[in-house]
Each structure stands twice: as C-alpha cells, then as structure tokens.
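> All the letters of the sequence shown, read from the start, carry residue numbers 227 to 578 under this note's numbering.
Let me begin by handing over the structure; questions about it come next.
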Amino acid sequence: MPRNRRDDAETNTSLKSNDIEEDYLDVDKPLNGQNYYCISFVSPEKILIQKDQFMFYHYERAVNKKLSTMIDETLAKMIDASDDGKIDITDVIALKKSVAASCQEYDVTFEQFKDKMEDFKFQNEEKIGEDFDKKNNFRTSVRGVKVRGVFDTKREADIRASVLQRQDALFDVFVGQIGYWCPWDPNPQKIDDIEYMNNDLNKLVKEYKSNEAKKDMFYQEQKTQRQKDALSAEDRLKHQEGLNKMNEFRDSLKTGNKPDVDSSVVSTLNDTGLIDSKGITLDALMNISEETDGSTGGTSTPVDEKPQAITQSLELGGENSKEITVEEQTEVLMSDDPWLQRKMAEAAAAAF
227 MPRNRRDDAE TNTSLKSNDI EEDYLDVDKP LNGQNYYCIS FVSPEKILIQ KDQFMFYHYE
287 RAVNKKLSTM IDETLAKMID ASDDGKIDIT DVIALKKSVA ASCQEYDVTF EQFKDKMEDF
347 KFQNEEKIGE DFDKKNNFRT SVRGVKVRGV FDTKREADIR ASVLQRQDAL FDVFVGQIGY
407 WCPWDPNPQK IDDIEYMNND LNKLVKEYKS NEAKKDMFYQ EQKTQRQKDA LSAEDRLKHQ
467 EGLNKMNEFR DSLKTGNKPD VDSSVVSTLN DTGLIDSKGI TLDALMNISE ETDGSTGGTS
527 TPVDEKPQAI TQSLELGGEN SKEITVEEQT EVLMSDDPWL QRKMAEAAAA AF
C-alpha cells in the first residue's frame with residue numbers, strides 16, 4: 227500500500243543522468259507504537275460516473291427547455307398580433323435575433339461551461355440526487371474510508387486484517403504504513419503480497435505467482451545460455467578453421483611444396499589468434515614459403531623420416547618409452563614445429 231522508497235530509488239537510477247525526479251510525497255515523522263494500519267474503502271466509481279451523467283442529462287434538459295420556451299412564447303405573441311393570418315416581417319427578424327442571442331449564451335469556453343454547470347448543481351443537486359437514488363435503488367454513490375486499527379508491527383496488522391476479512395467479507399482490508407501516502411482504494415489484483423480469505427485459494431495464488439517468477443527467471447537464464455553457446459560455437463568454428471589452415475600451411479612447407487597463400491589464409495590465422503598478437507602479413511607468409519622452397523631445393527622430405535627419439539618415445543613398451551598423459555600427448559601433437567614458429571616470428575618482426 228505505501229510507496230516503497232527502495233522502488234523509487236531503483237526507478238531514479240534508471241533515469242538519464244540529466245533527468246532529475248523530485249519526490250514531493252514527504253513522509254511524516256514516526257509515532258511511537260503506531261507504524262501500520264488496517265483500512266477499507268468504499269468507492270462506487272461506476273455509480274458516481276452514472277450520477278454525473280444523470281446530472282448533465284438534467285442540465286441539458288434545462289437548457290433545451292429554456293430555448294424552446296422562449297421560441298414558443300415569441301411565436302405565440304406573433305400569432306396573436308397577426309392580422310388575418312399575416313405576420314409582420316419585423317417580428318420574424320426579432321425572433322431570429324432572440325434565438326441567436328439565446329444560443330450565443332451557451333457558446334462558451336470549457337471554464338465558462340464548468341461555472342454554469344456548478345451553478346446548476348448548486349441549485350438542483352439535492353432534488354436531482356434524490357431522484358437518482360430512487361432510480362438507482364438507493365445504492366451508495368458516496369466514497370468512504372474506514373480505519374480499522376493501528377498497530378506497532380506489520381505482523382500484528384496482517385493478523386488483524388485476516389480477522390476482519392473473515393468477519394466482514396464484503397470489503398477488502400488493506401495494510402498500510404503510517405506517515406506514507408497511499409493510493410485510494412487500490413486494485414487488490416495489482417498488489418504483490420495479496421492474501422485471500424480462502425486458504426486454499428490463497429495458497430494456489432501464491433504458488434502461481436511463485437511459478438510465474440521462476441518461469442521468467444528460467445527464460446532469462448536459458449536466453450543468456452543460448453547466447454553464450456552461440457558465441458562459443460562460433461569461436462570454436464573459427465579456431466578449428468584456423469587450425470586447419472595452419473596444418474595445411476605447415477604440411478606444405480614440410481613436404482617441400484610451395485603453399486598456396488592468399489589473403490584469406492592470413493585473415494584466418496590472425497583472427498583466430500594462432501599467430502602472436504602483432505599478427506602476420508601476406509608478404510611474410512610468402513617469404514616463408516619461398517625460403518622453405520629454396521632451402522629444400524625442391525626436394526620433398528619423406529613423411530616417415532622422423533627423429534628416432536620421438537619415435538621411441540611414442541612406442542608403447544619400448545626401452546626409451548615413458549609414461550605420458552593424454553593431455554601431454556595432445557599438447558605435443560597440436561604444437562607447432564619449432565622451425566616454423568621461428569620463421570613466422572622472423573617474418574612478423576620484418577613486417578613491422
């Protein structure tokens with residue numbers, strides 16, 4: 227019921243830095259032992275609207291009656307003054323002017339209309355109100371408020387509200403905070419911690435609201451996770467593409483063949499971070515390719531010719547074999563050739 231200052235603070239932080247919201251709803255000084263209250267409202271809004279419409283209906287009838295009476299009386303005088311059924315044209319002109327003047331009286335601004343309406347209500351409100359109550363079966367058309375207790379703690383106020391709700395089920399009982407402004411007769415369905423008189427219904431609604439909150443949280447978590455998965459999958463795809471390009475380039479150098487180097491290879495290697503942070507240029511890769519082609523003399527090195535030490539270390543059960551973990555073996559297999567790493571570093575340094 228009372229305005230939540232923490233909610234106001236959160237709202238203010240969401241505003242732009244150049245926007246300032248001033249709060250005029252001042253809080254009264256606390257009173258000892260009086261912190262919370264129970265209150266009920268009577269707000270026949272629909273009846274009040276109908277009553278205002280009924281009042282305007284009678285106002286319009288009064289205006290129409292005034293105009294019609296003036297026209298009828300003027301016409302009657304003209305007929306009585308006529309000679310052998312003939313009417314003087316000057317009388318017709320006078321009638322036209324009278325009607326125009328009467329209509330001009332009600333061609334007013336909104337402020338002038340409100341003044342006329344208030345004058346009419348002041349003169350006829352009691353009579354029209356009695357007529358409205360009779361036609362409305364004497365249903366209440368007056369707003370009312372009833373303070374039903376003041377308490378020190380919110381728990382005491384909640385208990386009292388539950389008791390009052392069981393004793394008088396026709397009216398909602400609200401719990402508010404002393405010294406705070408509160409809305410007039412708020413909609414119970416828009417209150418977060420609403421308590422229903424029926425225990426089963428109250429439990430059902432609480433579970434429903436809890437599930438709604440959990441559903442929203444779960445949806446946000448799933449949405450965030452899907453976004454992360456999409457980004458991770460894209461990164462893995464780029465990294466794998468870079469590894470494939472790097473392996474193709476390295477295999478071409480080892481076999482003595484001049485690798486097919488273009489800008490797409492350079493872009494892939496630089497984007498995936500497989501080269502150092504400075505990156506590498508197309509000319510540098512071409513230089514590596516040409517140096518490799520010249521150093522090998524156009525001859526290819528058989529793939530099977532490997533250093534004996536490495537061969538023995540990978541043989542299972544060999545004399546020089548040692549225990550090696552899967553992670554270590556994977557790191558060895560995925561690491562770049564030291565000679566190729568040195569050449570790429572030299573080319574990158576030359577480029578800068």
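All residues carry an ideal CB built from backbone N, CA and C; glycine is no exception.
Please read these numbers as outputs of a predicted model, since none were measured by experiment.
(1) So for ASP394, helix, strand or coil by DSSP?
(2) Please classify ILE265: does DSSP put it in a helix, a strand, or coil?
(3) Have a look at ASN473 and GLN466 and give me their C-alpha separation to the nearest angstrom.
(4) Please classify ARG369: does DSSP put it in a helix, a strand, or coil?
(5) Who are the near neighbours of GLN276 in its chain, counting only those whose CB is closer than 6 angstroms to its CB and skipping five residues on each side?
(6) In angstroms with no decimal places, state the Cα-to-Cα distance between ASP278 and GLU351.
(7) Mind listing, in chain order, the continuous beta strand (DSSP E) runs of no fewer than 3 residues lying wholly within the region 297-381?
(8) Which one of PHE346, LEU396 and ARG386 has the shortest CA to CA distance from ARG287?
(9) Taking buried to mean at least 16 other C-beta atoms within 10 Å of its own C-beta, is ARG386 buried or exposed?
(10) Taking only three categories from DSSP, how would you classify VAL289?
(11) Can you give the Cα-Cα distance for GLY375 and GLY405, rounded to whole angstroms?
(12) Determine which residues share a DSSP beta bridge with GLY402 and list them.
(13) Rounded to the nearest angstrom, what separates CYS408 and PRO256 at their Cα positions?
(14) Below 8 angstroms on the Cβ atoms is my contact criterion, and I expect THR379 with TYR263 to pass it. Report the Cβ-Cβ distance as a whole number of Å.
(15) Just confirm the distance between the C-beta atoms of ASP317 and ALA307, as a whole number of angstroms; I'd bet it's less than 8 angstroms.
(16) Pull up the distance between the alpha-carbon of TRP410 and that of GLN403, whole angstroms please.
(17) Let me confirm a value: SER294 is counted as buried when at least 16 other C-beta atoms fall within 10 Å, else exposed. Which label applies?
(18) Among residues of its own chain, excluding the 5 on either side of SER328, which ones have a beta-carbon nearer than 8 angstroms to its beta-carbon?
(19) At the level of alpha carbons, what is the spacing between THR450 and ALA456?
(20) Tell me the rounded alpha-carbon separation between ALA571 and LYS454.
(21) With C-beta atoms as the reference, is GLU372 less than 9 angstroms away from PHE397?
(22) For the putative contact between LEU321 and THR300, defined by C-beta atoms under 8 angstroms, what is the C-beta separation to the nearest angstrom?
(23) According to DSSP, simplified to helix, strand and coil, what is GLY543?
(24) Given a threshold of 16 other Cβ atoms within 10 Å of its Cβ, counted over all protein chains shown, does ILE305 qualify as buried or as exposed?
By the coordinates alone:
(1) Residue state, collapsed to three classes: coil.
(2) Here ILE265 sits in strand by DSSP.
(3) Note on geometry: alpha-carbon atoms of ASN473 and GLN466 lie some 10 angstroms from one another.
(4) DSSP places ARG369 in coil when its eight states are reduced to three.
(5) Here the set comprises nothing.
(6) Approximately 11 angstroms between the Cα atoms of the pair.
(7) Fully enclosed beta strand (DSSP E) runs of 3 or longer: 370-377.
(8) Per the Cα distances, PHE346.
(9) ARG386 counts as buried, since at least 16 other C-beta atoms from the protein chains shown sit within 10 angstroms of its C-beta.
(10) Three-state result, VAL289: helix.
(11) One C-alpha to the other measures close to 15 angstroms.
(12) According to DSSP, GLY402 bridges with TYR263.
(13) Their Cα atoms are separated by approximately 16 angstroms.
(14) Contact check for THR379 and TYR263: beta-carbon distance about 12 angstroms, past the 8 angstroms limit, so the pair fails to qualify.
(15) Rounded, the Cβ-Cβ distance is 7 angstroms, consistent with contact.
(16) The straight-line gap from Cα to Cα measures roughly 14 angstroms.
(17) Classification of SER294: exposed, given that the 10 Å Cβ count is below 16.
(18) In chain order, LYS292, LEU293 and MET296 place their CB closer than 8 angstroms to the CB of SER328, counting only its own chain and leaving out the 5 sequence neighbours on each side.
(19) So the alpha carbons of these two residues sit roughly 10 angstroms apart.
(20) For ALA571 and LYS454, the gap between their C-alpha atoms comes out near 33 angstroms.
(21) The sequence as given places Lys at residue 372; Glu does not occur at that position. Closer than 9 angstroms, so yes.
(22) At roughly 5 angstroms, the Cβ-Cβ gap stays under 8 angstroms, so LEU321 and THR300 are in contact.
(23) Here the model assigns GLY543 a pLDDT of 45, short of 50, so the residue's position is not dependable and the matter cannot be decided.
(24) Exposed.
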